[in-house]
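Everything below concerns the one structure shown next.
Number of protein chains: 2
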Amino acid sequence: MGNNSIQVNLCSTGKEKPESDQLQFGRVFTDHMFIMDYSQPEGWHDARIVPYQPLTIDPSSMVFHYGQTVFEGLKAYLSPEGDAQLFRPEKNLERLNRSNDRLCIPPIDEDFALEAIKRLVALEKEWIPDSEGTSLYIRPFIISTEPYLGVAPSQQYKFIVILSPVGAYYKEGINPVKIAVENNFVRTVTGGTGEAKTGGNYAASLKAQELVANSGYAQVLWLDGIERKYIEEVGSMNVFFKINGEVVTPALNGSILEGVTRNSVIQLLKHWNIPIIERKVSMEEVYQAYKDGLLEEAFGAGTAAVISPIGQLTWKLEHLFINNGKTGEIAKKLYDTLTEIQYGKQEDPFGWIEKVKEISNSTI
Amino acid sequence: MGNNSIQVNLCSTGKEKPESDQLQFGRVFTDHMFIMDYSQPEGWHDARIVPYQPLTIDPSSMVFHYGQTVFEGLKAYLSPEGDAQLFRPEKNLERLNRSNDRLCIPPIDEDFALEAIKRLVALEKEWIPDSEGTSLYIRPFIISTEPYLGVAPSQQYKFIVILSPVGAYYKEGINPVKIAVENNFVRTVTGGTGEAKTGGNYAASLKAQELVANSGYAQVLWLDGIERKYIEEVGSMNVFFKINGEVVTPALNGSILEGVTRNSVIQLLKHWNIPIIERKVSMEEVYQAYKDGLLEEAFGAGTAAVISPIGQLTWKLEHLFINNGKTGEIAKKLYDTLTEIQYGKQEDPFGWIEKVKEISNSTI
Ligand SMILES: Cc1ncc(COP(=O)(O)O)c(C=O)c1O
Ligand SMILES: Cc1ncc(COP(=O)(O)O)c(C=O)c1O
Chain A
5 MGNNSIQVNL
15 CSTGKEKPES
25 DQLQFGRVFT
35 DHMFIMDYSQ
45 PEGWHDARIV
55 PYQPLTIDPS
65 SMVFHYGQTV
75 FEGLKAYLSP
85 EGDAQLFRPE
95 KNLERLNRSN
105 DRLCIPPIDE
115 DFALEAIKRL
125 VALEKEWIPD
135 SEGTSLYIRP
145 FIISTEPYLG
155 VAPSQQYKFI
165 VILSPVGAYY
175 KEGINPVKIA
185 VENNFVRTVT
195 GGTGEAKTGG
205 NYAASLKAQE
215 LVANSGYAQV
225 LWLDGIERKY
235 IEEVGSMNVF
245 FKINGEVVTP
255 ALNGSILEGV
265 TRNSVIQLLK
275 HWNIPIIERK
285 VSMEEVYQAY
295 KDGLLEEAFG
305 AGTAAVISPI
315 GQLTWKLEHL
325 FINNGKTGEI
335 AKKLYDTLTE
345 IQYGKQEDPF
355 GWIEKVKEIS
365 NSTI
Chain B
5 MGNNSIQVNL
15 CSTGKEKPES
25 DQLQFGRVFT
35 DHMFIMDYSQ
45 PEGWHDARIV
55 PYQPLTIDPS
65 SMVFHYGQTV
75 FEGLKAYLSP
85 EGDAQLFRPE
95 KNLERLNRSN
105 DRLCIPPIDE
115 DFALEAIKRL
125 VALEKEWIPD
135 SEGTSLYIRP
145 FIISTEPYLG
155 VAPSQQYKFI
165 VILSPVGAYY
175 KEGINPVKIA
185 VENNFVRTVT
195 GGTGEAKTGG
205 NYAASLKAQE
215 LVANSGYAQV
225 LWLDGIERKY
235 IEEVGSMNVF
245 FKINGEVVTP
255 ALNGSILEGV
265 TRNSVIQLLK
275 HWNIPIIERK
285 VSMEEVYQAY
295 KDGLLEEAFG
305 AGTAAVISPI
315 GQLTWKLEHL
325 FINNGKTGEI
335 AKKLYDTLTE
345 IQYGKQEDPF
355 GWIEKVKEIS
365 NSTI
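Chains as they are written, first to last, in my numbering: chain A, 5 to 368; chain B, 5 to 368.
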């Protein structure tokens with residue numbers, strides 16, 4: 005499918021845009037959205053940009069019953085020159101196809117999907133907010149739409165992209181958060197869907213989050229579902245610990261989501277010659293390091309918050325106060341470097357940035 | 005909420021009903037559906053029966069992204085006297101509320117929901133097919149509809165009931181099926197959502213099912229996610245084994261769905277003084293019993309198929325041919341008894357049947 009095969013149907017009047025400094029996360033959506041349908045024998049077809057609008061879907065559609073969905077999350081940033089730019093979007097589309105594979109959803113053409121995202125972002129460029137820390141959140145997702153009550157892969161799907169101008173994910177900003185280690189509930193397990201970005205993983209996480217939120221924790225830290233010993237990840241972030249001068253992060257094991265931010269953090273640390281190791285990390289080890297005065301930093305890494313320092317980690321009855329509840333040096337340096345690259349304020353030695361403007365003056 | 009608080013809006017012309025002997029499962033829906041909304045501060049409100057129609061839902065609705073859904077499945081049967089009757093519907097509504105609790109969805113009023121289901125079934129009584137083994141499948145489900153991209157319990161929901169006239173779930177009927185023991189994928193694990201009837205569990209199961217379907221297996225048998233030793237259940241059925249004169253079934257452990265059929269089978273076996281034990285059952289034990297000539301029967305139990313004898317169980321490289329691939333005596337007796345009670349052809353000593361007609365001549 006080429007560039008020309010996206011039909012464009014513009015809305016007549018745009019919505020009012022929220023003030024850039026009063027943005028929340030994921031509550032307001034732009035004027036247009038991208039949709040593409042899947043059915044047999046056409047495959048993915050009818051790619052179109054249309055006014056943002058409700059979906060009209062049969063109540064028997066499989067998505068409402070059997071959870072066959074996948075999604076992605078990335079952002080468009082405004083550079084000082086006023087260019088719209090994406091951060092490693094091809095990584096998100098690769099992951100979308102890995103999620104598709106696990107969920108028995110037919111793969112999408114990654115190049116075409118990237119083209120579609122760029123065209124949509126180009127069209128909605130005015131919606132990219134320009135205050136510090138704000139961006140245009142991009143949510144590609146696929147839902148199973150066949151009207152059929154039977155447990156089997158759907159024969160019909162919709163691939164949709166919607167955009168939302170967003171402020172900081174954590175109202176606290178780069179301030180350290182309190183995280184509770186979860187001992188009762190598990191998010192997923194080896195052989196399950198943990199590697200995939202699919203709704204069920206998030207639905208499974210709600211109860212644990214709700215219980216700790218009452219005690220002032222931002223999120224939970226998940227342990228492995230088998231031994232309940234090894235650290236996996238935080239609700240929407242991968243996690244890193246600096247222990248005795250060395251950074252460690254749980255190795256990908258089939259139940260952890262492979263974060264784009266995680267991958268970028270690892271590359272940056274290597275670039276800076278800071279020791280970074282991917283391996284199994286037990287909660288016992290982190291606790292022991294803390295007791296020995298060797299736990300120097302802990303932070304989460306994900307698209308929404310970029311880097312989120314962990315100021316307090318609570319495990320059973322123990323409270324680990326990390327780096328005196330302050331943002332650590334490495335967390336700060338990673339946050340600054342990543343956001344400066346993302347916003348085009350610093351050189352991009354890794355080829356991570358994908359400019360949108362190059363096609364914004366094309367067919368639309 | 006009382007009987008009168010259901011608004012009824014009938015369609016002008018009904019759809020054509022499929023021939024009773026040509027029914028599939030879950031493809032055709034009746035003329036009307038029940039809907040009720042949830043929002044704050046109203047709680048559940050605006051209960052209504054309306055013409056069956058597509059839902060109009062924002063693309064940012066949480067159900068499309070974070071999988072916060074629950075559902076149930078039960079059936080309405082036509083008795084020889086022409087009465088519509090339900091089988092233990094209160095059990096399904098109890099389970100729906102247990103699922104709601106796990107998924108952070110506000111509870112529904114079980115009595116009111118049963119009333120709503122009965123009124124809908126009464127209204128659609130003509131849709132209950134009358135051929136052998138057919139029934140009207142009832143699908144209550146709840147979806148999270150708040151337009152918000154953030155991982156948190158939704159503040160808005162819809163509770164919907166749709167009806168589908170169905171034939172036998174397995175085209176093979178009470179004929180024994182081939183089941184493959186799953187060694188790579190897992191459905192869920194202790195601390196996960198296995199006990200709840202929620203979309204993510206089914207989405208997680210698709211890949212394993214798809215892989216074995218190619219080799220002619222009807223479904224997979226799930227092992228526990230921790231040791232990969234203990235038997236849990238089949239895709240949409242609980243499972244029973246008769247070993248040396250005694251029936252065993254995996255004990256409820258938090259990751260197995262508590263089936264209404266499972267519960268009924270246990271009650272019937274006790275009533276018949278057939279030894280029935282709920283406990284951990286390892287695949288090794290079943291295999292050993294087979295080798296020793298003591299594995300007399302194996303069968304699944306669930307609303308869709310009622311009782312489904314297992315004629316072949318494949319575990320790694322071993323094929324266990326059970327009871328010469330024929331339906332066992334106990335499976336047959338359970339199937340006959342359950343279906344005769346369900347269809348009102350046999351006395352109901354347990355109070356399992358809930359007649360619908362008693363209210364069918366009420367306000368509609
Ligand atoms: C479960 C989970 N882990 C990790 C991440 C971080 O991934 P990324 O850096 O690609 O945003 C996310 C967020 O996307 C997530 O949902
Ligand atoms: C995973 C699973 N296990 C077991 C069952 C059997 O439950 P019930 O007998 O209530 O239909 C079902 C079907 O509903 C199911 O989906």
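No residue lacks a Cβ here, since even glycine has one placed at the ideal position from N, Cα and C.
- Look at the stretch 259-279 of chain A: it has no residue with a C-beta under 7 Å from a C-beta of chain B.
- Residues ALA184 and VAL224 of the same chain have their beta carbon placed closer than 7 Å to that of VAL216/A, with the five preceding and five following residues left out of the count.
- MET40/B is not a Cβ neighbour of ILE166/B, given a cutoff of 8 Å.
- Sixteen is the threshold: when 16 or more other Cβ atoms of the shown chains lie within 10 Å of the Cβ of GLU199/A, as they do, the residue is buried.
- For the stretch 94-118 of chain B, residues whose beta-carbon sits nearer than 7 Å to a beta-carbon of chain A comprise ARG106, LEU107 and CYS108.
- Sequence-ordered contacts of the stretch 56-87 of chain A with chain B read PRO58, LEU59, THR60, ILE61, ASP62, PRO63, SER64, VAL67, PHE68, HIS69, TYR70, GLY71, GLN72, THR73 and PHE75 [C-beta pairs closer than 7 Å].
- When DSSP states are grouped into helix, strand and coil, ARG99/B belongs to the helix group.
- Cβ-Cβ distances below 8 Å link VAL264/B to LEU78, PHE91, ARG92, LYS95, ASN96, ARG99 and THR307 in the same chain, with the five nearest sequence neighbours on each side left out; the list follows chain order.
- Residues ARG106, GLY204 and ASN205 of the same chain have their beta carbon placed closer than 7 Å to that of THR197/A, with the five preceding and five following residues left out of the count.
- Residue environment analysis places CYS15/A among the exposed positions, since fewer than 16 neighbouring C-beta atoms fall within 10 angstroms of its C-beta.
- At a cut-off of 4 residues, the continuous stretches assigned as alpha helix (DSSP H) that sit fully inside the stretch 50-93 of chain B are 67-70.
- Annotation for LEU97/B indicates a beta carbon at 7 Å or more from all heavy atoms of ligand 2.
- Counted as a single uninterrupted DSSP element, the stretch harbouring ASP352/A is not any beta strand (DSSP E), since DSSP gives it neither H nor E.
- For THR202/B, a Cβ of chain A is located within less than 8 Å of the residue's own Cβ.
- Of all residues in the stretch 155-168 of chain A, only VAL155, ALA156, PRO157, ILE164, ILE166 and SER168 come within less than 8 Å of chain B when Cβ atoms are compared, listed by chain position.
- Using a CB distance below 8 Å, the part of the stretch 201-227 of chain B facing chain A consists of THR202, GLY203, GLY204, ASN205, TYR206, ALA207, ALA208, SER209, LEU210, LYS211, GLN213 and GLU214, ordered along the chain.
- In the structure shown, SER16/B adopts coil according to DSSP, grouped into three states.
- Inter-residue distance for SER286/B and PRO157/A is about 30 Å (C-alpha atoms, whole angstroms).
- Taking 8 Å as the threshold, the shortest C-beta distance from PHE145/B to chain A falls below it.
- Shown here for GLY329/A: same chain residues with a beta carbon closer than 6 Å to its own, the five before and five after excluded, namely PRO180 and GLY315 in chain order.
- Its Cα nearest to that of GLN160/A, the residue GLU46/A stands out among GLY30/A, GLU262/A, GLU46/A and THR253/A.
- Within chain A, the residues placing a beta-carbon under 8 Å from that of ASN188/B are GLY195, ordered along the chain.
- Chain B places a beta carbon closer than 8 Å to that of GLY30/A, counting this residue as a contact.
- In this structure, DSSP gives LYS284/B a state outside helix and strand, which the three-state scheme calls coil.
- Among the residues of chain B, those whose CB is under 8 Å from the CB of ILE230/A are VAL193, GLY229 and ILE230, following chain order.
- Identification of residues in the stretch 233-247 of chain A having a C-beta nearer than 8 Å to some C-beta of chain B yields GLY239 and SER240, given in sequence order.
- TYR294/B is outside the set of residues whose beta carbon lies under 8 Å from a beta carbon in chain A.
- The Cβ atoms of SER168/B and THR73/B lie no closer than 8 Å to each other.
- Residue state for TRP356/A is assigned as coil, using DSSP reduced to three classes.
- In this structure TYR56/B is not in contact with PRO110/B, their Cβ atoms being roughly 25 Å apart against a cut-off of 8 Å.
- A buried status is given to GLN346/A, since no fewer than 16 other beta-carbon atoms sit within 10 Å of its beta-carbon.
- Residues of chain A with a Cβ closer than 7 Å to the Cβ of MET37/B are, in chain order, PRO63.
- In this structure, ligand 2 has no non-hydrogen atom nearer than 7 Å to the beta-carbon of ALA117/B.
- Secondary structure of GLU114/A (DSSP, three-state): helix.
- Proximity of chain B to PHE33/A at the Cβ level (cut-off 7 Å) is accounted for by SER64, in chain order.
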